[in-house]
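In the working numbering, the protein residues as written are 9 to 81. Presented below is the structure to which this report refers.
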């Protein structure tokens with residue numbers, strides 16, 4: 009291990025890093041294509057958003073829409 013035992017600072021080992029698998033986007037699907045709105049909504053439902061509890065509650069009350077522009081998150 010490479011690091012400083014006095015401070016406890018070490019370079020992370022690759023084995024310490026969790027593997028995160030990502031779902032590939034089908035074909036040339038674009039979030040800007042209105043015809044594929046259902047596809048993107050389904051993808052968003054599958055993944056837990058990296059948001060805090062307050063933000064998730066707020067988005068739920070607003071049906072997932074931004075209060076400024078009205079677009080879905």
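All residues carry an ideal CB built from backbone N, CA and C; glycine is no exception.
- Item | residue 70 versus residue 44 - alpha carbon distance | 21 Å
- Item | Proximity below 8 Å, CB of residue 73 to CB of residue 79 | yes
- Keeping to the same chain, check which residues put their C-beta closer than 8 Å to that of residue 11; ignore five residues upstream and five downstream. 17, 18, 19
- Query: In three-state terms, what does DSSP make of residue 37?
  - Reply: coil
- Could you give the distance in angstroms between the alpha-carbon of residue 29 and the alpha-carbon of residue 23? 16 Å
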